[in-house]
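Chemist:
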Amino acid sequence: MNAAAPPVLEMRGVTKTFGPVRANDDISIVLGRGEILGLLGENGAGKSTLMKILYGLYRPDAGHILVDGEEVEIRDPKDAVARGIGMVHQHFTLIPPLTVAENIVLGAEPRRGVALNLGEAIKATQELSERYGLRVDPRARVADLSVGVQQRVEILKTLYREARILVLDEPTAVLTPQETEDLFSTLKELVTDGLSIILITHKLGELLGVSDRITIIRDGKVVDTVNAAETDERELARLMVGREVILRVDKEAVKPGEPRLRGEDLVVLSGTGAEAVRGVSLEVRAGEILGVAGVDGNGQVELAEALAGTRPVESGRVYLDGEDVTSVGADARQERGLAYVPEDRQHKGLVQDFALYENNTLKTYDEPPFSKLGWLFPRIMRRRAAENLTAYDVRPRDPDARAGSLSGGNQQKAILARELSGDPGVVIAAQPTRGVDVGAIEFIHRQLIEQRDRGKAILLFSLELEEIRSLSDRIVVMYYGEIVGEMSADEATDEKLGLLMAGRQVEAS
Amino acid sequence: MRRILDQVAGAVVFPLLAIGISFLIGAIIILATGNNPIGAYGALISGAIGSPSAIGRTLVNATPLIFTGLGVAVAFRAGLFNIGGEGQVFIGAITAAGLGVALGATLGPLAILVCLVACILAGFLWGAIPGFLKAFFGAHEVVTTIMLNFIAINLATYLALNPLRGEGLVPGTDTVAAAVRLPVIGFGLGRANYGILLGILAAVVAYVLLWRTGRGFQLRAVGLSPEAANYAGMALKTNTVLALAIGGAFCALGGFVQVLGVEGKMSIPFVANLGFNGIGVALLGRNHPVGVVLGALLFGGLQAGAQQMQFATDVPLSLSVVLLAVILLFVTATKLVELLFGKRARVFASGTRLDEGLGR
Numbered sequence: 310m311n312a313a314a315p316p317v318l319e320m321r322g323v324t325k326t327f328g329p330v331r332a333n334d335d336i337s338i339v340l341g342r343g344e345i346l347g348l349l350g351e352n353g354a355g356k357s358t359l360m361k362i363l364y365g366l367y368r369p370d371a372g373h374i375l376v377d378g379e380e381v382e383i384r385d386p387k388d389a390v391a392r393g394i395g396m397v398h399q400h401f402t403l404i405p406p407l408t409v410a411e412n413i414v415l416g417a418e419p420r421r422g423v424a425l426n427l428g429e430a431i432k433a434t435q436e437l438s439e440r441y442g443l444r445v446d447p448r449a450r451v452a453d454l455s456v457g458v459q460q461r462v463e464i465l466k467t468l469y470r471e472a473r474i475l476v477l478d479e480p481t482a483v484l485t486p487q488e489t490e491d492l493f494s495t496l497k498e499l500v501t502d503g504l505s506i507i508l509i510t511h512k513l514g515e516l517l518g519v520s521d522r523i524t525i526i527r528d529g530k531v532v533d534t535v536n537a538a539e540t541d542e543r544e545l546a547r548l549m550v551g552r553e554v555i556l557r558v559d560k561e562a563v564k565p566g567e568p569r570l571r572g573e574d575l576v577v578l579s580g581t582g583a584e585a586v587r588g589v590s591l592e593v594r595a596g597e598i599l600g601v602a603g604v605d606g607n608g609q610v611e612l613a614e615a616l617a618g619t620r621p622v623e624s625g626r627v628y629l630d631g632e633d634v635t636s637v638g639a640d641a642r643q644e645r646g647l648a649y650v651p652e653d654r655q656h657k658g659l660v661q662d663f664a665l666y667e668n669n670t671l672k673t674y675d676e677p678p679f680s681k682l683g684w685l686f687p688r689i690m691r692r693r694a695a696e697n698l699t700a701y702d703v704r705p706r707d708p709d710a711r712a713g714s715l716s717g718g719n720q721q722k723a724i725l726a727r728e729l730s731g732d733p734g735v736v737i738a739a740q741p742t743r744g745v746d747v748g749a750i751e752f753i754h755r756q757l758i759e760q761r762d763r764g765k766a767i768l769l770f771s772l773e774l775e776e777i778r779s780l781s782d783r784i785v786v787m788y789y790g791e792i793v794g795e796m797s798a799d800e801a802t803d804e805k806l807g808l809l810m811a812g813r814q815v816e817a818s
Numbered sequence: 236m237r238r239i240l241d242q243v244a245g246a247v248v249f250p251l252l253a254i255g256i257s258f259l260i261g262a263i264i265i266l267a268t269g270n271n272p273i274g275a276y277g278a279l280i281s282g283a284i285g286s287p288s289a290i291g292r293t294l295v296n297a298t299p300l301i302f303t304g305l306g307v308a309v310a311f312r313a314g315l316f317n318i319g320g321e322g323q324v325f326i327g328a329i330t331a332a333g334l335g336v337a338l339g340a341t342l343g344p345l346a347i348l349v350c351l352v353a354c355i356l357a358g359f360l361w362g363a364i365p366g367f368l369k370a371f372f373g374a375h376e377v378v379t380t381i382m383l384n385f386i387a388i389n390l391a392t393y394l395a396l397n398p399l400r401g402e403g404l405v406p407g408t409d410t411v412a413a414a415v416r417l418p419v420i421g422f423g424l425g426r427a428n429y430g431i432l433l434g435i436l437a438a439v440v441a442y443v444l445l446w447r448t449g450r451g452f453q454l455r456a457v458g459l460s461p462e463a464a465n466y467a468g469m470a471l472k473t474n475t476v477l478a479l480a481i482g483g484a485f486c487a488l489g490g491f492v493q494v495l496g497v498e499g500k501m502s503i504p505f506v507a508n509l510g511f512n513g514i515g516v517a518l519l520g521r522n523h524p525v526g527v528v529l530g531a532l533l534f535g536g537l538q539a540g541a542q543q544m545q546f547a548t549d550v551p552l553s554l555s556v557v558l559l560a561v562i563l564l565f566v567t568a569t570k571l572v573e574l575l576f577g578k579r580a581r582v583f584a585s586g587t588r589l590d591e592g593l594g595r
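Taken in order, these protein sequences are the chains called P and X. One rule links them: number in our numbering = place in the first sequence (from 1) + 309. One rule links them: number in our numbering = place in the second sequence (from 1) + 235.
(1) Counting only Cβ pairs nearer than 9 Å, list the residues of chain X close to Val660 (chain P).
(2) Comparing the C-beta of Gly314 (chain X) with each C-beta of chain P, is any distance below 8 Å?
(3) Could you check the C-alpha separation between Glu542 (chain P) and Tyr367 (chain P) for me, to the nearest Å?
(4) With 7 Å as the limit, tell me which residues of the segment 628-651 of chain P have their beta carbon closer than that to any beta carbon of chain X; keep them in chain order.
(5) Tell me which residues share the same chain as Thr619 (chain P) and place their Cβ nearer than 7 Å to its Cβ, disregarding the 5 neighbours each side in the sequence.
(6) Please name the residue or residues paired with Leu516 (chain P) in a DSSP beta bridge.
(7) Using 8 Å for Cβ pairs, my map puts Gly333 (chain X) next to Gly483 (chain X). What's the rounded Cβ distance?
(8) Under a Cβ-count criterion, where at least 16 other Cβ atoms within 10 Å of its own Cβ denotes burial, should Phe679 (chain P) be classed as buried or exposed?
(9) Can you tell me the Cα-Cα spacing of Arg470 (chain P) and Gly393 (chain P), whole angstroms?
(10) Taking Val747 (chain P) and Glu351 (chain P) to be in contact with their CB atoms under 8 Å, please state how far apart those CB atoms are, rounded to whole angstroms.
(11) Using a Cβ-Cβ cutoff of 7 Å, what residues of the segment 441-455 of chain X are near chain P? List them in chain order.
(12) Taking the DSSP output, what are the residues bridged to His373 (chain P)?
(13) Under 8 Å between C-beta atoms, does Phe770 (chain P) make it to chain X?
(14) If the cut-off is 7 Å on Cβ atoms, which residues from the segment 673-704 of chain P count as contacting chain A, listed in chain order?
(15) Which term fits Arg312 (chain X), buried or exposed, when burial requires 16 or more other beta carbons within 10 angstroms of its beta carbon?
(16) Is there contact between the segment 276-285 of chain X and the segment 539-552 of chain X, where contact requires at least three CB pairs shorter than 8 Å?
(17) Check the C-beta distance from Leu599 (chain P) over to Arg783 (chain P) and give it rounded, since I have them as a contact under 8 Å.
(18) Any Cβ of chain X within less than 8 Å of the Cβ of His656 (chain P)?
(19) Residue range of the beta strand (DSSP E) that Thr475 (chain X) falls in?
(20) For the beta strand (DSSP E) containing Asp478 (chain P), name the first residue and the last one.
(21) Under the three-state reduction of DSSP, which class applies to Phe770 (chain P): helix, strand or coil?
(22) Counting only Cβ pairs nearer than 8 Å, list the residues of chain X close to Thr619 (chain P).
(23) Measure the C-alpha to C-alpha separation of Leu351 (chain X) and Asn270 (chain X) and round it to an integer number of angstroms.
(24) Sorted by chain position, which residues of the same chain lie with C-beta nearer than 7 Å to Phe367 (chain X)'s C-beta, five sequence neighbours on each side aside?
(25) Looking at the structure shown, is Tyr469 (chain P) part of a helix, part of a strand, or coil, going by DSSP?
(26) Under the DSSP definition of a beta bridge, which residues are partnered with Met787 (chain P)?
(27) From what residue to what residue does the alpha helix (DSSP H) around Thr540 (chain P) run?
(28) By DSSP, does Tyr628 (chain P) sit in helix, in strand, or in coil?
(29) Roughly how many angstroms separate the alpha carbons of Asp605 (chain P) and Val483 (chain P), rounded to a whole number?
(30) Along the chain, which unbroken stretches of the beta strand (DSSP E) at least 3 residues long are found entirely within the segment 409-438 of chain X?
(31) Can you check DSSP and say which residues form a bridge with Glu573 (chain P)?
(32) Under 8 Å between C-beta atoms, does Ala671 (chain P) make it to chain X?
(33) From the DSSP output, in three-state form, read off Gly764 (chain P) for me.
(34) Sorted by chain position, which residues of the same chain lie with C-beta nearer than 7 Å to Arg704 (chain P)'s C-beta, five sequence neighbours on each side aside?
Dropping the structure here:
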């Protein structure tokens with residue numbers, strides 16, 4: 310940081326309340342020129358709110374924003390762009406059928422008369438691409454690009470609008486480890502070119518490698534700002550959660566027993582009719598956790614659904630405890646002891662507008678004691694829900710609370726409570742900790758290990774390599790609808806898994 | 236308890252607010268037509284509830300609307316738009332009139348029961364058609380229920396004017412025997428009959444179905460989140476067909492009470508818009524059975540009162556239509572509400588958003 314020049318961006322005393330919730334409480338951050346500032350916090354800590362204020366999507370109740378030492382008012386994203394602020398959202402805002410160049414200039418197109426000057430757009434894209442070392446083909450259709458390249462296009466979009474301050478919201482959530490490394494080296498190059506970057510994430514390890522300073526936010530307040538070189542994961546976790554966190558998962562050696570869940574040559578179609586799972590066979594045994602690693606969208610969701618029975622299989626068989634259940638519905642498989650924690654708790658795992666007690670019996674509402682001859686007994690449903698909410702520490706512990714009013718972590722705990730309380734023999738857990746805060750992750754991991762130790766067969770799908778590696782006894786990697794590698798957890802390294810996830814063959818070592 | 240009070244307050248306050256605003260806007264319109272709003276509204280209110288006979292007219296108007304409102308609301312709870320109420324009313328009316336005439340002489344009052352069951356069945360089957368088309372061919376129920384309205388209306392009209400044509404001067408079926416008519420309540424309530432009790436009973440049945448049975452649990456889950464319902468192993472297709480079929484059964488009973496309670500026959504032209512007004516009633520009642528009963532009473536009252544208003548002043552009958560339209564506009568336009576009363580007020584309007592059910 311240059312002491313003489315004012316910081317490129319400063320937010321002072323920003324406060325924003327939503328009803329009774331103080332999302333941002335007197336938050337101040339400073340971004341120096343040519344600096345990468347990490348913004349760390351659990352889900353719901355207020356990071357996103359702060360950045361939405363910076364980008365003009367929300368108006369703060371109090372506080373100031375200074376760009377180059379000068380107070381500015383940002384009323385909408387146009388103001389933000391005019392001040393040189395660029396935002397790369399977690400969910401891309403690209404239009405898939407259009408080309409890279411078209412996407413980049415969209416909204417600020419070079420024109421010839423009323424028509425788009427495509428040649429100019431391609432030229433501009435090429436120039437930017439070369440200047441910042443972000444390799445893209447301007448003529449490629451965005452739909453044909455990998456996620457990592459699409460992200461590059463998003464960054465170029467902001468650079469085309471002459472961004473000097475780049476905000477990236479959870480940029481690594483969708484990337485393979487190798488793509489993440491590429492991204493980080495790109496970011497480091499960008500700051501040497503004079504850009505300043507704010508990196509939002511809840512992944513501790515990443516921030517240490519790439520950022521200069523890290524500001525930690527908890528419950529809407531700034532807890533601390535630390536130099537990345539002078540801290541470690543343990544301290545960051547403690548600052549973020551407000552207490553000591555056990556990052557390592559301790560577990561006993563595996564004692565695998567009988568095969569409980571088996572898929573044989575499964576072919577499953579996606580919603581669009583494409584073959585999402587292309588001949589997968591796997592087997593989960595009692596007392597083990599089988600981890601399925603892979604980049605998002607390589608058939609994991611379809612495989613999980615096919616095994617759970619909520620999606621039909623095109624061909625192949627599913628066996629539960631040796632019995633062919635391929636043509637048996639999801640509710641019948643659940644009655645035979647299959648629990649399924651879906652990857653999308655918002656839309657699949659919970660009916661958001663149902664009360665917690667209704668969600669707690671979403672699958673068992675038609676079984677005694679909750680139901681007899683088609684009649685429901687809400688009082689018994691409520692009582693069972695209250696027990697489960699207490700056992701799994703779901704807050705609030707109010708069976709009548711609307712599921713949608715809970716935080717992500719509590720929603721996930723509510724799903725776990727429903728799925729695990731029935732004492733299932735087989736558990737399919739898809740992304741059980743996605744978007745969940747560190748405290749809840751710890752709890753969920755403990756629950757899964759406990760289930761394993763009690764002899765349950767657990768199939769774990771996760772995009773987080775660290776989660777796969779720390780929980781699983783055995784790991785398979787999915788790429789483009791197939792299983793491209795299998796190894797024991799001891800053999801697995803990030804590099805090995807990463808290469809498999811990217812579709813490259815790994816030499817047997 | 237607190238939560239229930241809050242919910243009730245939210246459910247009641249918002250429609251009342253909408254009614255208040257619409258009456259203000261109505262007052263401006265009345266002033267513009269050169270009339271005195273206070274006098275006009277006085278006549279409107281006395282025409283709706285000012286005397287036993289006025290109350291009787293309100294009840295008579297409201298009765299079929301309770302059924303059609305429920306027919307829309309039950310389907311809506313399952314995430315489906317039943318715009319087919321109009322046709323389903325005609326199916327119910329022709330079934331009740333045809334069977335009522337045919338069986339009245341032999342069965343006497345027992346024919347009422349037979350007609351009731353037959354109407355439920357006919358409406359159920361008729362409502363199931365768009366359900367099947369949706370579940371198995373992906374045809375959107377808004378389109379198919381609207382189209383089926385034309386078929387139902389013309390089919391019923393044809394039957395009433397040809398094979399079932401009666402002797403009298405007024406075109407339509409024969410009049411059913413007195414024993415097959417729903418008995419009037421009396422107490423000076425005019426033509427008000429026990430159909431209104433049947434309507435309230437139907438509302439209770441709808442409530443119990445939706446909130447006290449496993450089937451209702453499924454319907455509501457499917458309506459709120461088809462993905463979660465599918466995840467939980469519920470059969471989406473079965474529930475789609477059932478929701479529209481049950482909606483059809485309720486709407487057909489609207490025709491039943493109109494024929495056996497009020498007219499005694501299916502005359503042609505048959506009373507129009509019972510089905511379409513049911514959509515408004517359901518929205519006003521926030522797709523809740525209790526709300527539907529109250530909404531139907533408001534609709535019925537405004538219709539009855541507007542007649543009185545037209546006699547007493549120069550304000551045209553159609554003002555009641557304007558008032559209803561403005562009320563519905565406020566009840567359904569949640570964004571407008573947000574603008575006028577802030578975000579807090581928005582919770583009052585939940586359950587009435589038209590777009591909530593459009594996801595599928």
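Every residue, glycine too, gets a C-beta built ideally from N, C-alpha and C.
Modeler: Looking at the atomic coordinates:
(1) Arg455, Ala456, Leu459, Ser460, Ala463, Ala464, Ala467
(2) no
(3) 32 Å
(4) Gly638, Ala639, Asp640, Gln643, Pro651
(5) Ala639
(6) Bridge partners of Leu516 (chain P): none, in fact.
(7) At roughly 18 Å, the Cβ-Cβ gap does not stay under 8 Å, so Gly333 (chain X) and Gly483 (chain X) are not in contact.
(8) Looking at its Cβ environment, which holds 16 or more other Cβ atoms inside 10 Å, Phe679 (chain P) is buried.
(9) 8 Å
(10) 6 Å
(11) Arg447, Thr448, Gly449, Arg450, Phe452
(12) P:Arg321
(13) It does not: the Cβ of Phe770 (chain P) has no partner Cβ on chain X nearer than 8 Å.
(14) Annotation note: the requested chain A is absent from the structure, which comprises protein chains P and X.
(15) buried
(16) yes
(17) Confirmed, about 5 Å.
(18) yes
(19) From DSSP, Thr475 (chain X) is part of no beta strand (DSSP E) but of the alpha helix (DSSP H) over 471-492.
(20) Here the beta strand (DSSP E) through Asp478 (chain P) covers 474-478.
(21) The answer is strand: DSSP assigns Phe770 (chain P) an E or B state.
(22) Result: Asn465, Tyr466, Gly468.
(23) 46 Å
(24) Val476
(25) helix
(26) Answer is P:Ile792, bridged to Met787 (chain P).
(27) Premise fails: Thr540 (chain P) is in no alpha helix (DSSP H) and is neither H nor E.
(28) strand
(29) 7 Å
(30) none
(31) P:Arg626
(32) It should be noted that the sequence gives Leu, not Ala, for residue 671 (chain P). Leu671 (chain P) counts as touching chain X.
(33) coil
(34) Asn719
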